[in-house]
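Chains as they are written, first to last, in the numbering used here: chain A, 1 to 145; chain B, 146 to 290.
Structure first, then comments.
Number of protein chains: 2
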Amino acid sequence: MSQMPIGGLAKATGVKVPTIRFYEGIGLLPEPLRTQSDRRIYDETAVSRLAFIKHARQLGFSVDAIRNLLDLADHPDRPCEQANRLAAAQLQTVDAKIGQLEALRGELRRMVEAACDGRVSDCRVIEVLSDHALCEQDHAESPGT
Amino acid sequence: MSQMPIGGLAKATGVKVPTIRFYEGIGLLPEPLRTQSDRRIYDETAVSRLAFIKHARQLGFSVDAIRNLLDLADHPDRPCEQANRLAAAQLQTVDAKIGQLEALRGELRRMVEAACDGRVSDCRVIEVLSDHALCEQDHAESPGT
DNA sequence: TCTGCATCCTCTAGTAGGTTGAGGATCAAG
DNA sequence: CTTGATCCTCAACCTACTAGAGGATGCAGA
Numbered sequence: 001m002s003q004m005p006i007g008g009l010a011k012a013t014g015v016k017v018p019t020i021r022f023y024e025g026i027g028l029l030p031e032p033l034r035t036q037s038d039r040r041i042y043d044e045t046a047v048s049r050l051a052f053i054k055h056a057r058q059l060g061f062s063v064d065a066i067r068n069l070l071d072l073a074d075h076p077d078r079p080c081e082q083a084n085r086l087a088a089a090q091l092q093t094v095d096a097k098i099g100q101l102e103a104l105r106g107e108l109r110r111m112v113e114a115a116c117d118g119r120v121s122d123c124r125v126i127e128v129l130s131d132h133a134l135c136e137q138d139h140a141e142s143p144g145t
Numbered sequence: 146m147s148q149m150p151i152g153g154l155a156k157a158t159g160v161k162v163p164t165i166r167f168y169e170g171i172g173l174l175p176e177p178l179r180t181q182s183d184r185r186i187y188d189e190t191a192v193s194r195l196a197f198i199k200h201a202r203q204l205g206f207s208v209d210a211i212r213n214l215l216d217l218a219d220h221p222d223r224p225c226e227q228a229n230r231l232a233a234a235q236l237q238t239v240d241a242k243i244g245q246l247e248a249l250r251g252e253l254r255r256m257v258e259a260a261c262d263g264r265v266s267d268c269r270v271i272e273v274l275s276d277h278a279l280c281e282q283d284h285a286e287s288p289g290t
């Protein structure tokens, strides 16, 4: 039960097999023990660690931030300022991204609502794309969608 | 005025010089005329086309979608259904992304608000990351932040 | 005319966070 | 004993660019 191959770890966590190997390669997961035939074997601690990583990724933390968070999680005696700072920074990033996306959504809505059913020559969508001046808000930077 | 080198086009549109060459390489911009010494020369039509591309990128359209939109813009006699569909799809994508980010923001806020000032051993941030069950909402997929 | 700096050229490599595939070994069930 | 699933490594690909090397050209001032 507690000994499993990489596919078992994948099923237990919902993280794909190549992604697990990738995480090992970049040092997020430690190199596991191997069988005689060189196959990786994992135990419950690997499940926890990978679940932590997965959850942090879902919350949008970068791999670098996760490295720091894992390091903190491994040292419970340290002060947790840094964890708080990372979380606050991530919150700020997400906040900013939402703001930008909302501006984009406004423009896109206006484009879609004005949708014509004629020819491209008087298509509102193409027209707006051709002329930024038709936009109401600024959506200066792409939020990397 | 209407003849300009790549740096002029860059200034006129706010798109960086290497990015212009990149767009040419992937076929978004046509290969321009060259001077005898092999330097690219552009005119006003290039300015319009690049402005269109820039604006569409700002609105989050993928390069592939932009290829379609440009193709449409080049053929004003075609019906504009496809442009409408592309815009609607992009709106849906942005909408979904905002929804996910809002869920993330909720979790991050709860983490940040509960910030401790002690040791990592009872740090709320680490705790939440370790245990998805502590989350109130689902934030299944990472929105690629 | 010479000098020097800005701009241009091509080409390669790097970024984040993985995914996909080739080519081959091994395991477990029937 | 065979078949199909799973495993291994390594390399390439994805998006949308950005950065830098190394070299050619253009233009302005002395």
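Every residue gets a Cβ at the ideal spot worked out from N, C-alpha and C, and that includes glycine.
1) On a CA-only basis, which of B/Gly153, B/Ser275 and B/Val160 is nearest B/Ala196? Give me that one, please.
2) Closer than 8 angstroms to a non-hydrogen atom of the ligand NAP - does that hold for the CB of B/Ser147?
3) Rounded to the nearest angstrom, how far is the Cβ of A/Val128 from that of B/Leu236, given a contact under 8 angstroms?
4) Which of the three DSSP states is assigned to A/Leu91 in this structure?
5) Taking 9 angstroms as the CB-CB cut-off, is B/Ile243 touching chain A?
6) Got a sec: is the Cβ-Cβ distance from A/Gly25 to anything in chain B below 9 angstroms?
7) Determine whether the Cβ of B/Ile271 lies closer than 9 angstroms to any Cβ atom of chain A.
8) How about A/Asp77: is its C-beta nearer than 9 angstroms to some C-beta of chain B?
9) Quick check: what's the CA-CA separation for A/Glu44 versus A/Phe22?
10) Taking B/Val265 as the query, report the chain A residues whose CB atoms sit under 8 angstroms from its CB, ordered along the chain.
11) Check whether the Cβ of B/Arg250 lies closer than 9 angstroms to any Cβ atom in chain A.
12) Taking DSSP as the reference, what is the three-state secondary structure of A/Leu108?
13) Can you pull the DSSP bridge partners for A/Tyr42?
14) Can you find the residues in the same chain that come closer than 7 angstroms, C-beta to C-beta, to A/Ala10, ignoring five residues on each side of it along the sequence?
15) May I ask you to report which of helix, strand or coil DSSP gives A/Leu33?
16) Between which residues of its own chain and A/Cys116 is the CB-CB distance below 7 angstroms, once the five residues before and five after are set aside?
17) Can you tell me the Cα-Cα spacing of A/Arg78 and A/Leu69, whole angstroms?
18) Reducing DSSP to helix, strand and coil, say where B/Arg230 ends up.
19) Can you tell me whether A/Arg124 is helix, strand or coil according to DSSP?
20) Between which two residues does the alpha helix (DSSP H) holding A/Pro18 run?
21) Nearest by alpha-carbon distance to B/Leu173: which of B/Gly205, B/Asp209 and B/Gly152 is it?
22) Which of the three DSSP states is assigned to A/Arg49 in this structure?
23) With 9 angstroms as the threshold, decide whether the Cβ of B/Met256 is near any Cβ in chain A.
24) Among the candidates A/Glu31, A/Arg67 and A/Val94, whose CA atom is the shortest distance from the CA of A/Gly60?
25) Between B/Ser182, B/Pro150, B/Ala201 and B/Ile171, which lies nearest to A/Ser130 when the distance is taken from Cα to Cα?
Working from what's here:
1) B/Val160
2) In the structure on display, the ligand NAP does not appear, and there are no ligands present to speak of.
3) The pair is not a contact, with the Cβ atoms about 13 angstroms apart (cut-off 8 angstroms).
4) helix
5) yes
6) no
7) yes
8) yes
9) 19 angstroms
10) Leu72, Ala73, His75, Pro76, Asp77, Arg78, Pro79, Cys80 and Ala83
11) yes
12) helix
13) A/Met4
14) Lys16, Val17 and Ile20
15) strand
16) Asp122, Cys123 and Arg124
17) 12 angstroms
18) helix
19) helix
20) Val17 to Gly25
21) B/Asp209
22) helix
23) yes
24) A/Val94
25) B/Ala201
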